[in-house]
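Note sheet for the following structure.
Residue numbers (my numbering): 8 to 297.
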């Protein structure tokens with residue numbers, strides 16, 4: 008518990024972000040004076056995750072699920088005007104929500120949206136809810152566009168990366184002892200520059216992995232290791248950096264799997280494989296021979 012009561016804890020930062028987001032959402036709810044404004048707070052709680060990529064993934068799933076649920080709910084209200092039949096569909100939608108909320112958030116959102124429309128139609132007019140939900144859907148749509156990944160800090164840093172140098176010697180001079188390469192051994196840096204740059208027709212050298220491609224790779228995943236680790240059936244061994252890592256893996260991660268071990272390697276940073284290639288190599292060979 009004490010380990011989480013500091014800003015270096017990912018859980019603590021998530022709690023603070025969620026608190027500020029809920030406060031802002033409550034202010035918007037009061038300003039809008041919407042009788043169904045509680046959905047603003049519920050959306051923040053459901054969508055907000057501890058990792059940026061996981062939150063973005065949830066947001067996209069929320070938009071798609073809401074749209075699908077509105078279409079299905081509207082169709083059910085039109086095709087089956089009887090309240091008893093709608094009650095039966097409400098029960099089915101509720102069951103579908105609980106069955107899919109852990110493994111398919113899009114489908115769970117669609118089921119919950121249909122459930123809300125059908126339920127409110129029991130005491131009023133469910134059609135009155137469709138337009139507000141559509142407005143909310145279009146309000147979220149710009150945030151789920153394909154360009155949003157560029158707002159990720161790690162992607163922005165990649166896009167600013169210099170790609171062209173006069174020669175490989177200039178690259179080594181620019182990288183040695185600076186930034187992320189400060190802890191790299193000379194031999195490792197030389198190998199990286201030799202294989203990581205390609206020759207150009209004008210005599211200069213260029214990064215083999217274009218900055219735009221690197222940035223897109225950071226965003227083309229769910230960034231949700233907690234969910235992924237549950238799918239692994241074999242043993243997992245994680246070598247964790249002692250400092251400066253972009254991946255904050257703690258004991259919570261190990262508890263997600265039945266056979267997961269997390270080892271902290273003293274004196275290492277995010278670039279542990281480059282700083283201690285011997286340990287990384289031995290760990291890979293050991294796991295490959297199990």
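Ideal Cβ positions, reconstructed from N, Cα and C, are used throughout, including at glycine.
Proximity to residue i [Cα-Cα], best of the options
{"i": "residue 197", "options": "281, 53 and 96", "result": "281"}
{"i": "residue 176", "options": "199, 129 and 285", "result": "199"}
{"i": "residue 129", "options": "23, 172 and 98", "result": "98"}
{"i": "residue 246", "options": "225, 278, 218 and 216", "result": "278"}
{"i": "residue 202", "options": "166, 215 and 194", "result": "215"}
{"i": "residue 169", "options": "45, 213 and 208", "result": "213"}
{"i": "residue 252", "options": "271, 243, 242 and 244", "result": "271"}
{"i": "residue 224", "options": "183, 274, 205 and 159", "result": "159"}
{"i": "residue 172", "options": "208, 189 and 162", "result": "208"}
Local Cβ density within 10 Å of residue i, reported as buried at 16 or more and exposed below that
{"i": "residue 80", "result": "buried"}
{"i": "residue 104", "result": "buried"}
{"i": "residue 298", "result": "Any answer about residue 298 is impossible in this case: the structure gives the chain only from 8 up to 297."}
{"i": "residue 152", "result": "At residue 152 the pLDDT is 49, less than 50, meaning the model places this residue with poor confidence; the figure from the coordinates comes in the next sentence. Exposed, because fewer than 16 other Cβ atoms sit within 10 Å of the Cβ of residue 152."}
{"i": "residue 38", "result": "exposed"}
{"i": "residue 187", "result": "exposed"}
{"i": "residue 222", "result": "buried"}
{"i": "residue 54", "result": "buried"}
{"i": "residue 191", "result": "buried"}
{"i": "residue 178", "result": "buried"}
{"i": "residue 35", "result": "exposed"}
{"i": "residue 116", "result": "buried"}
Residue i - partner residues in DSSP beta bridges
{"i": "residue 239", "result": "Answer is none; residue 239 lacks a bridge partner."}
{"i": "residue 245", "result": "269"}
Write down every uninterrupted run of the alpha helix (DSSP H) in the segment 151-227 whose length is 4 residues or greater and which is fully enclosed by it, in chain order. 160-166, 175-182, 193-203 and 218-226
Cβ pair count under 8 Å reaching 3, the segment 100-120 against the segment 66-79: yes
Answer yes if the segment 48-55 comes into contact with the segment 84-91, meaning at least three C-beta pairs across the two stretches below 8 Å, and no otherwise. no
As an exercise, report each continuous beta strand (DSSP E) stretch of at least 3 residues that is fully enclosed by the segment 36-103, in chain order. none
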